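Below: one structure, written as structure tokens.
Protein chains in written order, with my numbering: chain A, 62 to 282; chain B, 62 to 282.
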């Protein structure tokens with residue numbers, strides 16, 4: 062069965078998925094790149110982004126970075142703040158994402174926003190659709206686009222939290238990174254409350270750099 | 062040099078040191094005991110609490126549980142909510158802590174509170190002093206009591222956070238536990254901000270049950 066999954070979200074010890082003051086010069090927020098060092102060192106990640114093979118990453122990190130790759134995922138959902146630094150209404154269509162015309166997706170991307178915008182098609186054919194109907198509407202569109210493949214929730218923190226709190230996320234892979242950021246975007250900004258009991262950690266896999274935790278939604282009783 | 066240290070604080074994946082609704086029947090909050098399973102299984106912990114030796118705990122967990130034991134610590138500081146469930150002014154002196162007359166301390170305990178109270182001496186000689194002058198006053202008294210031994214910050218979350226945010230804590234050992242609690246007492250309830258850069262993770266040691274992270278205050282430049 063196709064699922065809704067979030068892969069390789071890097072969480073600081075003090076609970077942030079990104080640093081503070083995200084903007085054109087700091088897409089991950091100030092200091093946020095420290096959260097991603099484990100994944101950008103992997104061959105899986107560098108292949109996906111067209112970079113030359115790196116020296117060597119921890120094999121556990123490689124295994125987790127490879128998840129969600131290839132044809133496993135058929136559509137991605139992301140929040141508007143992950144798509145770019147523009148806030149409020151789109152003044153024009155000049156912002157085309159962080160990824161250049163040859164993005165790493167290879168499938169449709171649904172962007173959650175309160176402000177309608179025409180579809181955007183990158184040079185590699187990746188189509189961004191801007192969804193104003195909320196998380197469930199975006200999920201319906203993503204599932205339709207993905208067919209028998211999984212749907213990925215790319216981020217950011219607020220978007221992941223929405224799907225988790227609603228019990229719609231089937232799987233969540235977090236990499237707990239041994240750094241303090243001090244400020245930024247919190248994954249667990251609000252108490253999950255009873256929704257927390259709908260999930261369990263099914264894999265606890267430390268590497269030399271981070272601790273991977275894979276959470277799955279419990280089977281409905 | 063004697064230091065100010067917090068040992069063996071168990072942090073849920075979603076950032077809580079204790080569950081919600083702490084009270085006489087739930088000193089660790091609802092579900093909070095799930096955070097401590099790794100430590101209560103260790104021989105070090107059970108020795109300290111006078112319980113028979115358990116089967117076997119992970120050796121990494123044993124190593125971390127043993128820290129702060131023996132004569133290493135000469136005084137403990139704790140918040141009033143860790144001392145007991147009574148809130149507001151002390152109506153009488155009937156609450157004598159969670160630990161019975163033979164407590165696990167073996168040294169003076171400084172309790173941070175806004176409400177003055179006479180010293181309390183347990184049957185084993187452990188003296189509790191109730192300090193209304195704030196965290197620095199409690200630290201001064203604790204250092205004097207501890208002499209050449211370390212001072213322990215026992216908890217709870219707000220007390221640890223105060224000493225961390227003020228840059229007074231020399232060492233903080235967290236055990237990140239692969240569970241979601243959904244609600245409770247957050248260690249990082251407020252952004253640490255610039256204080257975060259004063260600390261670094263000097264040890265990242267996974268066991269089969271949790272991931273231990275030992276943070277140290279950076280040397281002053």
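Beta carbons: idealized from backbone N, C-alpha and C, even for Gly. What you are looking at is a predicted structure, and each value in this text was computed from that prediction instead of being measured.
Nearest neighbour of residue i, chosen from the options [CA to CA]
i, options, result
"residue 96 (chain A)", "A:192, A:226, A:276, A:271", "A:271"
"residue 85 (chain B)", "B:158, B:235, B:251", "B:158"
"residue 274 (chain A)", "A:114, A:112, A:124", "A:124"
"residue 276 (chain A)", "B:224, B:239, B:207, B:91", "B:239"
"residue 78 (chain A)", "A:248, A:253, A:281", "A:248"
"residue 266 (chain A)", "A:209, A:69, A:64, A:206", "A:69"
"residue 226 (chain A)", "A:252, A:235, A:237", "A:252"
"residue 231 (chain B)", "B:71, B:259, B:220, B:237", "B:259"
"residue 90 (chain B)", "B:281, B:145, B:119, B:138", "B:145"
"residue 161 (chain B)", "B:250, B:181, B:117", "B:181"
"residue 112 (chain B)", "B:64, B:102, B:189", "B:102"
"residue 219 (chain B)", "B:264, B:171, B:142, B:207", "B:142"
"residue 207 (chain B)", "B:128, B:189, B:130, B:134", "B:134"
"residue 234 (chain B)", "B:204, B:62, B:171, B:71", "B:71"
"residue 263 (chain A)", "A:255, A:278, A:257, A:256", "A:278"
"residue 118 (chain B)", "B:108, B:210, B:100, B:152", "B:100"
"residue 156 (chain A)", "A:171, A:178, A:138", "A:178"
"residue 173 (chain A)", "A:223, A:63, A:257, A:211", "A:223"
"residue 261 (chain B)", "A:65, A:74, A:64, A:62", "A:74"
"residue 88 (chain A)", "A:216, A:236, A:229, A:256", "A:216"
"residue 188 (chain A)", "A:171, A:81, A:62", "A:171"
"residue 104 (chain B)", "B:81, B:120, B:94", "B:120"
"residue 257 (chain B)", "A:62, A:92, A:183, A:64", "A:92"
"residue 58 (chain A)", "A:209, A:65, A:190", "Nothing in the structure corresponds to residue 58 (chain A), since chain A is present only between 62 and 282."
"residue 63 (chain A)", "A:236, A:221, A:205", "A:205"
"residue 201 (chain B)", "B:229, B:183, B:221, B:184", "B:229"
"residue 190 (chain B)", "B:211, B:154, B:108", "B:154"
Buried versus exposed, by CB contacts within 10 Å (16 or more), residue i
i, result
"residue 106 (chain B)", "buried"
"residue 110 (chain B)", "exposed"
"residue 83 (chain A)", "buried"
"residue 268 (chain B)", "buried"
"residue 136 (chain A)", "buried"
"residue 196 (chain B)", "buried"
"residue 280 (chain A)", "exposed"
"residue 176 (chain A)", "exposed"
"residue 186 (chain A)", "exposed"
"residue 193 (chain A)", "exposed"
"residue 67 (chain B)", "buried"
"residue 126 (chain B)", "buried"
"residue 139 (chain A)", "buried"
"residue 152 (chain B)", "exposed"
"residue 255 (chain A)", "exposed"
"residue 122 (chain B)", "buried"
"residue 300 (chain B)", "Outside the shown range of chain B (62 to 282) lies residue 300 (chain B), about which nothing can therefore be said."
"residue 149 (chain A)", "exposed"
"residue 236 (chain A)", "buried"
"residue 184 (chain B)", "exposed"
"residue 250 (chain A)", "exposed"
Under 7 Å from the C-beta of residue i: neighbouring residues of chain A
i, result
"residue 260 (chain B)", "241"
"residue 290 (chain B)", "Lying outside 62 to 282, the shown extent of chain B, residue 290 (chain B) is not represented and no answer is given."
Neighbour list for residue i in chain A, Cβ cutoff strictly below 9 Å
i, result
"residue 98 (chain B)", "What residue 98 (chain B) touches in chain A: nothing, since even the nearest Cβ is about 13 Å away."
"residue 267 (chain B)", "265, 266, 267, 268, 272"
Contacts that residue i makes with chain A (C-beta to C-beta distance below 8 Å)
i, result
"residue 283 (chain B)", "It is not possible to answer for residue 283 (chain B), since the shown part of chain B is limited to 62 through 282."
"residue 249 (chain B)", "75, 76"
"residue 257 (chain B)", "75, 241, 242, 243, 244"
Residue i: CB within 6 Å of a non-hydrogen atom of the ligand GTP
i, result
"residue 91 (chain A)", "Annotation note on the ligand GTP: not contained in the displayed structure, which lists no ligands."
*Let me know the alpha helix (DSSP H) ranges lying completely inside the stretch 129 to 177 of chain A, each 4 residues or longer, listed in chain order.*
Qualifying alpha helix (DSSP H) stretches, in chain order: 141 to 144.
*asked:* Whether or not the stretch 162 to 172 of chain A and the stretch 237 to 251 of chain A are in contact is what I'm after, with contact meaning three or more pairs of Cβ atoms, one per stretch, closer than 8 Å; do they touch?
replied: For the pair of segments examined, the stretch 237 to 251 of chain A was found not to touch the stretch 162 to 172 of chain A: the number of CB pairs separated by less than 8 Å stays below three.
_Contact list for the stretch 172 to 198 of chain B against chain D, Cβ threshold 9 Å_ = Of the chains in the structure shown, none is chain D; the protein chains are A and B.
*Curious, which full-length alpha helix (DSSP H) runs of at least 4 residues does the stretch 204 to 234 of chain B contain?*
You should have 218 to 226.
*Any chance you could list the alpha helix (DSSP H) runs of at least 4 consecutive residues sitting entirely within the stretch 72 to 114 of chain A, in chain order?*
For the stretch 72 to 114 of chain A, the continuous alpha helix (DSSP H) assignments of 4+ residues that do not extend past its boundaries occur at 98 to 101, 104 to 109, in sequence order.
*What residue ranges within the stretch 231 to 270 of chain A form continuous beta strand (DSSP E) runs of no fewer than 3 residues, ordered along the chain?*
DSSP assignment within the stretch 231 to 270 of chain A yields the following whole beta strand (DSSP E) runs of 3 residues or more, N-terminal first: 232 to 238, 260 to 267.
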